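Undergrad:
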Amino acid sequence: MNNETEIQNCDSASSELITKGFKVYKLQEDVSKIPVYSRRDFYKICINTSQSRIHYADRGIETDGTILFFGNPIIPYSWETISDTYEGYACVFTEEFLKTKDRSETLHESPLFKIGGTPIFNLAPEQKVFIDSLFQKMIEEQQTDYVFKDDLMRNYINLIIHESMKMQPTDNFFKPKNASSRITSLFLELLERQFPIETKNQPLSLKTPQDFAQSLAVHVNHLNRSVKEVTGKPTTAHITERIISEAKALILHTDWSISDIGYSLGFEYPSYFNNYFKRLTGTVPKSLRM
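This is how it looks when you write it as structure tokens:
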């Protein structure tokens, strides 16, 4: 898949998501061989017919035919198209768009999107025809002014989800030879995508190696070994360095209170943040404002 085209699609989708919560589009016809991990802040369902290699967390899968893929904003992935052509559709949406008042289950708990699940399904020809038709209907409806369009879109998305839950997911994942490099890249991307902190009301959620290992669906020991092997530094060192760097930026460039800054970085009590900052920098946070 052409990386520039895909990034443009994602950028366009992101702008649509800000106002609508969803975007449906047809995949373009040009391809590239170079895989790219890019930031994705939304859920994605994609039907694709091609010969491809998909890297998901520290696993990989080679496909040849039509697949249905479910991506979530927690686990980064890359998609390398091997064949010269491909065809398909994609739908991106926020959890807020799909989640209705009477639905308490989060998408992270769904069998299709949950951490540790298998997000890829091989489709038979008749399944491809049916799923294609649902995407085509969504694209048509997306252009209308129908007053209940959002409800209709949710129904189409849920129909794809339920049809997929009837299927057996693929199980022919492989471990790439450079698994250590791949999991390290995923960890570093997942670490970086938490920053910059833009609000005081949503504290940092991933703060320990265990948090990152759970999000990447790997054992914490495997994560620690890989990161140390590739970078020469422990996982905790990367995390603490990035948190301290962000803390300094917030202290110097915002008018937030030290308590608010600590809370935004995941520290429940100001004393915890003060002690953490002093232990790693040799000084207390408020000294940077003097």
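Per the UniProt record's numbering, residue 1 is the first one in the sequence shown, and the count goes up by one each step. Using N, Cα and C, we set each Cβ at its ideal position, and we do this for glycine too. This one's a predicted model, so the numbers in the text were calculated from it and none came from an experiment.
For the structure I just gave you, are there three or more beta carbon pairs, one from the segment 205-222 and one from the segment 162-172, closer than 8 Å?
TA: Contact between the segment 205-222 and the segment 162-172 is absent, because fewer than three Cβ pairs lie under 8 Å.
Undergrad: Let's see if you can read the secondary structure: which residues bound the alpha helix (DSSP H) around Ala179?
TA: Counting along the chain, the alpha helix (DSSP H) containing Ala179 begins and ends at 179-192.
Undergrad: Does Arg154 pass the burial test, meaning 16 or more other C-beta atoms within 10 Å, or should it be called exposed?
TA: The residue in question, Arg154, is buried, as its Cβ has 16 or more Cβ neighbours within 10 Å.
Undergrad: Could you say which of Glu229, Phe148, Met167, Ala90 lies nearest to Glu126 if we only look at CA atoms?
TA: Checking every option, the nearest Cα to that of Glu126 belongs to Met167.
Undergrad: If we call anything under 8 Å between Cβ atoms a contact, is Gln51 one with Ile74?
TA: Cβ distance not < 8 Å, so Gln51 and Ile74 don't count as in contact.
Undergrad: Nearest-angstrom Cα distance between Asn186 and Ser180?
TA: The amino acid at residue 186 is misidentified as Asn; the sequence shows Leu. Whole-angstrom Cα-Cα distance: 10 Å.
Undergrad: For the UniProt domain "HTH araC/xylS-type" (181-290), which segments carrying the alpha helix (DSSP H) assignment without a break, of at least 4 residues, lie completely within its bounds, in sequence order?
TA: Within the UniProt domain "HTH araC/xylS-type" (181-290), the complete alpha helix (DSSP H) runs of at least 4 residues are 209-215, 220-231, 235-253, 258-264, 270-281.
Undergrad: Note down, in chain order, each residue of its chain lying with its Cβ closer than 7 Å to the Cβ of Gln194, except the 5 sequence neighbours on either side.
TA: Cβ within range, chain order: Leu204, Leu206.
Undergrad: Considering only the beta carbon of each residue, do Gly65 and Asn158 sit closer than 8 Å?
TA: It is not a contact, given that the beta carbons lie outside the stated cut-off.
Undergrad: Check Asp132 in the structure and name its three-state DSSP category.
TA: Note: Asp132 maps to helix in three-state DSSP.
Undergrad: Taking DSSP as the reference, what is the three-state secondary structure of Val36?
TA: Caution is warranted here: a pLDDT of 45 is assigned to Val36, below 50, making its placement in the model unreliable, and the coordinate value is therefore given only provisionally. The answer is coil: DSSP assigns Val36 none of H, G, I, E or B.
Undergrad: Can you tell me where the alpha helix (DSSP H) with Ile120 in it begins and where it stops?
TA: No alpha helix (DSSP H) contains Ile120, which is instead part of the beta strand (DSSP E) from 120-122.
Undergrad: Please tell me whether Leu68 and Ile47 are closer than 8 Å, where the distance is taken between their beta carbons.
TA: A contact, by the Cβ cut-off of 8 Å.
Undergrad: Consult DSSP for Lys20 and reduce its assignment to one of helix, strand or coil.
TA: Coil.
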